[in-house]
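> Below is the structure I would like to discuss, written out as structure tokens.
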Amino acid sequence: MLLRDKLTDTVSRLDPDNLDPCLRQMVVVGHSQGGLLTKLTVVDTGPRLWNSVSRVPLAGVPASDEFRTLLSRALFVQPLPFVRRVVFVATPHRGSFRTGAWVNGILRRLVRLPGNLVLMSRDTLTQGKGLFYAARTTARLPTAAENMTPGNPFLEGLAAIPVADGVAYHSIIAVKGDGRAEDGNDGVVAYRSAHLEGAASELVVRSSHSTQSEPGTIQEMRRILHVHGDALRAAGLRCVPAAR
């Protein structure tokens with residue numbers, strides 16, 4: 020929710036009169052769990068994401084109207100119209116096999132997902148005991164790190180939702196070693212978790228999870244941005260950096 024809000028606010032502030040078509044041809048890049056946040060900018064969840072974590076409709080949750088609105092904003096989202104291309108880098112679409120405390124601690128400091136933003140009050144969970152698949156034993160919705168666990172309802176729900184039509188998406192997947200990529204991993208995320216069918220392109224970079232600094236990853240990002248720029252020029256848009 021933070022990323023969606025920040026992007027929307029930035030576009031509104033920079034172009035309040037909707038006069039700059041180039042600002043509405045945005046490329047968003049997300050690494051690791053940042054890729055999950057990125058996906059939330061280009062999906063129409065309908066009720067699917069909510070249904071993946073709750074047994075009842077939102078209206079049936081014992082919560083204040085204010086809190087219910089917060090839940091709705093986090094779990095019922097539509098594509099941001101100005102995001103036209105996304106790049107997923109080492110993204111755990113289906114979770115991570117590394118769920119140790121040290122990984123959780125790092126992730127909590129780095130990234131927050133809606134489950135971490137929308138912490139359930141003890142009263143809400145107590146009154147609505149059994150209503151949430153992901154909160155059977157805790158007094159909150161799962162944190163971002165806990166959402167990394169394969170089989171997590173939220174993660175499975177998001178993975179099942181396709182990227183919106185008209186949005187190009189690319190995958191850069193890190194795999195350690197020289198073995199078969201499909202059976203490999205980057206030390207945190209398996210190839211099979213990072214792979215997405217239908218991607219405009221997919222590149223496997225032989226590296227660890229921190230692949231964003233690898234020359235191959237940087238070169239691929241440059242290529243994707245050139246592809247995007249070429250597509251804009253072909254559509255008659257001349258997008259150049261703003262004058263300083």
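Add 19 to the 1-based position in the sequence shown for this note's numbering, that's all there is to it.
Every residue, glycine too, gets a C-beta built ideally from N, C-alpha and C.
Since I192 and V223 should fall inside the 8 angstroms C-beta cutoff, what is the C-beta to C-beta distance between them, to a whole number of angstroms?
By one-based count along the sequence shown, residue 192 stands at place 173. By one-based count along the sequence shown, residue 223 stands at place 204. Contact holds; Cβ gap of about 5 angstroms.
> Between the region 215-231 and the region 93-111, are three or more C-beta pairs nearer than 8 angstroms?
Taking 8 angstroms as the limit for Cβ pairs, the verdict is that the region 93-111 does touch the region 215-231.
> Beta carbon of V96, beta carbon of T57: below 7 angstroms?
Here residue 96 refers to the residue found at position 77 of the sequence shown. Here residue 57 refers to the residue found at position 38 of the sequence shown. In this structure, T57 does not lie closer than 7 angstroms to V96 by Cβ.
> Please classify L215 as buried or exposed, where buried requires at least 16 other C-beta atoms within 10 Å of its C-beta.
As a working note, residue 215 is residue 196 in the sequence shown. The residue is buried, with at least 16 neighbouring Cβ atoms inside 10 Å.
> Looking at the structure shown, is L22 part of a helix, part of a strand, or coil, going by DSSP?
The sequence position of residue 22 within the sequence shown is 3, counting from 1. Helix at L22.
> Once you ignore the five residues that flank H112 on each side, which residues in its own chain have a CB closer than 7 angstroms to its CB?
For the purposes of this step, residue 112 is identified with residue 93 of the sequence shown, where counting begins at 1. Counting only Cβ-Cβ distances below 7 angstroms, and skipping sequence neighbours, we find A178, S212, A213, L215.
> Y210 and E201 - do their beta-carbons sit closer together than 7 angstroms?
Counting from 1 along the sequence shown, the entry for residue 201 is found at position 182. Counting from 1 along the sequence shown, the entry for residue 210 is found at position 191. Closer than 7 angstroms, so yes.
> Thinking just about the alpha-carbon of each residue, which of R225, R103, L174, A254 is nearest to the one in A183?
In the sequence shown, the residue the question calls residue 183 occupies position 164. The candidate whose alpha carbon is nearest that of A183 is R103.
> Might you give, ordered along the chain, the residues of its own chain that have their beta carbon closer than 8 angstroms to the beta carbon of R67, omitting 5 neighbours on each side?
For the purposes of this step, residue 67 is taken as the residue at position 48 of the sequence shown. Closer than 8 angstroms at the Cβ level, and outside the excluded window around R67, lie G176, A179, I180.
> Beta-carbon within less than 8 angstroms of S91's beta-carbon, same chain only, minus the 5 sequence neighbours each way: which residues are those?
Against the sequence shown, residue 91 aligns to sequence position 72. Correct list, in chain order: L77.
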